[in-house]
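Protein chains in written order, with our numbering: chain A, 24 to 508; chain B, 67 to 554.
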């Protein structure tokens, strides 16, 4: 059944529906792959007994009404899963078992999917290489010693290595799109509020969004359809009718106006990235799209703005991990304050501490106006830039990342250079817009590179359709020799 | 009571004015919490009314309780205050064991209610106290330190319960005014049904800001904040002792440091809790889990139209329509239940009798038995019946008091008691004539004196007749007969 590794989620669903393969066969196949893929370190928790049981149940009932009938799926370990350990990649939640299920994963199970396990990620989703996880770094299946990107690095690796047929991640500043770009997969960050945040371990509440990570655009539309929707338990959830992204998926480029923002042509941009972008533009042109040069003048402020807003919210969101109610508690300390100090010093890793410190600092009285308040104002300007552009164009095309996957350890001691990796993805989160990254080429080492399409709020269908058309023209191929097995 | 304001701290050389501002924390009357559906019931077993949101589990999100918003807006309207159609919930960040999220959701720069006012009736006239703002916030849980020598226990039942923080302007000048202000707030909120004002259950608490200045000075002195005082009596005591402390410090040449203090009720003194340098930096910022709260003017207007008659209006009506004195009106409107009782009684009974009987007789009984008027053994209907028996002359005031006593004991209807106990008035002229004659025959010497001009003795004769009839004789008839007999 090795061919299951080379086909898409949509094709697997066809096999299940036509009863050529059972849910149990699928479960066994992916469990086997996971067991052989230990070296990649993409899983924190597996629940094979439960997976087998659920798949047998599915095969007994034979209900094919859902979008994901009997499909085993692994999810990022930031989604709370009922009775299954949820760690957020942190020691402080090392043994935390939720009694509840996140809305987004619950939506997957309602569509017939089955949980395969929980995927490694940067601690509390803070990182761009999956090196900040308490459970160790994840390896890119393309080549040993290379990072898969982050923070949804476990998700990207598991997907690219066919340890799961599709997956979901979360994206606060690029955490879906950057690892998708690094692993030759498709990743979409939806409009802020399209997917419920209820039950997702929070990093930065005003930026966090769950989204699909898949092998192709068709699968992406299907997964987005499965997980999105209004949730009254999330006050920032958008109350509107659910869309049929997969049914309405069609290749549309002709007549579409695509904006090319000049500010994304950053200094020292690698030639390969520039070439990738040019190729994308050429494909669009050839297919009948109209290319328009646009300006997003506040782009250069996006990264500093993000690194004020996100840590500020994180410093407050992570205050609940205090050793009192659940999670890790240090045995040291003679009073409440000392217990807090030891618990958080031992429970959090360096990157989390760094961001909590930055966040605490920028919210402090005397600094609030200069940092947090100013960042909020700039955030508005960045949003206005996009709003103005979308008066002229349907979508914006940019590279997803300024480089391909880098080596493990290469940037681990240089946070600024790590942060710069999010330069093209961060503005989208600040503006609350949807964006998709699709594999569009390779660098000289043969490592994949992604292109990003951005649209205005709630126009996921539009970028899916453009991506669907581009995907066919680009005809990206990636064959892995499964060296890790 | 004095009819002129006179509350100063007097020392050898100076008269010091005391400046007070209050931050009252009033628990919103609501079935569920401000951002979760857990119950707010008081006195339940620890940690039985706690949701995943209240205990801040990972990924849990707050959703605003619309009813609490209505309650806050209603209270704002009751305080004649500006309702802000757009308000923002902020996070107030600090670490404590009974604060599960590490932050309290509160309103900082954009509260739901802005400036308003409350009118107090003081013996020296009415006084208007400015309201600075009213905002909504969550209560924290409770840390229990006295169950074990080594451990602190945490009860999260209160965690997330909705509070209204009502901030006054520094307009109060004496413990009496504070007493009157808190009571007035409580009355208004009870009328509105927005806070039960139950201080024993912690539904109403206050932080008290106190400063002093020499009489006549314009500039405020440095203030100290006394945290979390939970009874009106303690507020009065705390102000008195804190003001004296400040005066003593200043007069001995020292400076007041702005700080947070606690009131020790046993020692009757305040002590320092933390100085300004140690003050928390709460790192307020808008809660990104909640959108700004936007309400429509029509929402406010609908609530306005549903408001009950408020204490000030009712008082005015009682004075104008029922000719009550301001004092009587104040007493009768102090609780909605009392004014309702009064209005029920005067539907059929005489107003003058009703107000006197309620204020004097009924209140004495209720105070004695520590009862709320809604649990009164004498129903408004029964009291009205009793008063009508007096008005129609069927029983004397004296007998009425006896009947009332029996009504309190049994809860029975007055006519039944009168019948059962044979307390009907003696109105048979022949019987009365007999009694009168009997009394006069026994007091021939007094008749002589009376006829000689000692008219004061008339009362003596009446008294003797009433005594002889065990108080049941119809006073009017007794009068008529006695006068006739004495002329003989």
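All C-beta atoms in this analysis are idealised placements derived from N, C-alpha and C, irrespective of residue type, glycine included. Since the model is a prediction, treat every value here as computed from it, not as a measurement.
Chain A within 8 Å of residue 128/B, Cβ atoms only: So, interface residue.
Whose CA, out of 441/B, 428/B and 509/B, lies closest to the CA of residue 471/B? Closest option to residue 471/B, Cα to Cα, is 428/B.
If you reduce the DSSP assignment to three classes, tell me which class residue 67/B lands in. The predicted position of residue 67/B is uncertain, since its pLDDT is 49 and thus under 50; a value taken from the coordinates is nonetheless stated next. Three-state DSSP puts residue 67/B in coil, outside helix and strand.
Residue 406/A CB to nearest chain B CB: under 8 Å? For residue 406/A, the answer is no, since every Cβ of chain B falls outside 8 Å of its Cβ.
Is the beta carbon of residue 85/B sitting closer than 8 Å to the one on residue 279/B? In this structure, residue 85/B lies near residue 279/B, with their beta-carbon atoms less than 8 Å apart.
Taking DSSP's pairing of strands, which residues face residue 90/B in a bridge? DSSP lists 232/B and 272/B as partners of residue 90/B.
Quickly, what does DSSP pair residue 169/B with across the bridge? List them, please. Looking at the DSSP assignment, residue 169/B forms a beta bridge with 159/B.
Beta-carbon separation (whole angstroms), residue 161/B vs residue 335/A, contact threshold 8 Å: Not confirmed; about 17 Å, so no contact.
Beta-carbon of residue 356/B versus every beta-carbon of chain A: anything under 8 Å? At least one chain A Cβ lies under 8 Å of residue 356/B.
Please classify residue 321/A as buried or exposed, where buried requires at least 16 other C-beta atoms within 10 Å of its C-beta. Buried is the call here.
Taking C-alpha atoms, which residue in 183/A, 75/A, 85/A and 87/A lies nearest to residue 506/A? Answer by Cα proximity: 183/A.
For residue 308/B, the nearest candidate out of 82/B, 214/B and 395/B (CA to CA): Distances from the CA of residue 308/B to each of 82/B, 214/B and 395/B were compared; the closest alpha carbon is that of 82/B.
Ignore the nearest five residues each way along the sequence and tell me which others in residue 494/A's own chain have a CB closer than 7 Å to its CB. Non-local C-beta neighbours of residue 494/A in its own chain, meaning closer than 7 Å and more than five positions away in sequence, comprise 239, 240 and 461, ordered along the chain.
Kindly say whether residue 67/B, judged by its beta-carbon, lies nearer than 8 Å to any beta-carbon of chain A. The predicted model places residue 67/B with a pLDDT of 49, which falls under 50 and marks its position as unreliable; any figure quoted below should be read in that light. Residue-level contact check: residue 67/B does not touch chain A, since none of the beta carbons of chain A fall below 8 Å from its beta carbon.
So residue 163/B contacts chain A; which residues on that side make the cut at Cβ distance below 7 Å? In chain order: 347 and 359.
In or out: residue 91/B buried (at least 16 other Cβ within 10 Å) or exposed? Residue 91/B counts as buried, since at least 16 other C-beta atoms from the protein chains shown sit within 10 angstroms of its C-beta.
Using a Cβ cut-off of 8 Å, pull out every chain E residue sitting near residue 169/B, in sequence order please. Given the protein chain composition of this structure (A and B), no chain E is represented.
Give the range of the alpha helix (DSSP H) segment to which residue 303/A is assigned. Per DSSP, residue 303/A is one residue of the alpha helix (DSSP H) stretching across 294-309.
Have a look at the DSSP bridge pairing and note the partners of residue 345/A. Looking at the DSSP assignment, residue 345/A forms no beta bridge with any residue, so it has no partner.
Using a 10 Å radius around the Cβ and a threshold of 16 neighbouring Cβ atoms, would you call residue 67/B buried or exposed? Residue placement at residue 67/B is flagged as unreliable, the pLDDT there being 49, under the threshold of 50; a coordinate-derived value is accordingly withheld.
Please list the residues of the stretch 102-126 of chain B that have a C-beta atom closer than 8 Å to any C-beta atom in chain A, keeping them in chain order. Listed by position along the chain: 118, 121, 122, 123, 124, 125 and 126.
Pick from 275/B, 450/B, 455/B and 261/B: whose alpha carbon is nearest that of residue 236/B? For the residues 275/B, 450/B, 455/B and 261/B, the minimum Cα distance to residue 236/B belongs to 275/B.
Strictly below 7 Å CB to CB, what residues from chain B border residue 112/A? Identification of chain B residues near residue 112/A by a Cβ-Cβ cut-off of 7 Å yields none; the smallest Cβ-Cβ distance measures about 12 Å.
Quick one: measure Cβ to Cβ for residue 11/A and residue 139/A, integer angstroms, because I've assumed they're closer than 8 Å. Outside the shown range of chain A (24 to 508) lies residue 11/A, about which nothing can therefore be said.
Identify whether residue 24/A lies in helix, strand or coil by the three-state DSSP scheme. Low confidence applies here, because residue 24/A scores a pLDDT of 46, under 50, leaving its location unreliable; read the following figure in that light. Annotated three-state conformation of residue 24/A is coil, per DSSP.
Neighbour list for residue 347/B in chain A, Cβ cutoff strictly below 7 Å: Chain A residues near residue 347/B: 387 and 388.
Quick one: which residues of the stretch 446-466 of chain A get their C-beta closer than 7 Å to a C-beta of chain B? List them in chain order. Cβ contacts with chain B come from no residue of the stretch 446-466 of chain A.
Have a look at residue 245/B and residue 355/B and give me their C-alpha separation to the nearest angstrom. For residue 245/B and residue 355/B, the distance between alpha carbons rounds to 39 Å.
Strictly below 7 Å CB to CB, what residues from chain A border residue 166/B? Within chain A, 343 and 348 have C-beta atoms less than 7 Å from the C-beta of residue 166/B, given in sequence order.
Got a sec: is the Cβ-Cβ distance from residue 133/B to anything in chain A below 8 Å? Nearest CB-CB separation between residue 133/B and chain A: not below the 8 Å threshold.
Check whether chain B comes within 8 Å of residue 220/A, counting only Cβ atoms and requiring the distance to be less than that. At a cut-off of 8 Å, the C-beta of residue 220/A has a neighbouring C-beta in chain B.
Would you call the stretch 302-313 of chain A and the stretch 446-458 of chain A in contact, with 3 or more CB pairs under 8 Å? Flag = no, the stretch 302-313 of chain A and the stretch 446-458 of chain A do not touch.
Helix or strand or just coil, what does DSSP make of residue 205/B? Note: residue 205/B maps to coil in three-state DSSP.
Just the Cα atoms here: how many angstroms apart are residue 231/A and residue 353/B? Residue 231/A and residue 353/B have their C-alpha atoms roughly 14 Å apart.
To the nearest angstrom, how far is the alpha carbon of residue 217/A from that of residue 429/A? Straight-line spacing of the CA atoms in residue 217/A and residue 429/A works out to 32 Å.
Beta carbon of residue 64/A nearer than 8 Å to that of residue 161/A: Their beta carbons are under 8 Å apart, which means residue 64/A touches residue 161/A by this criterion.
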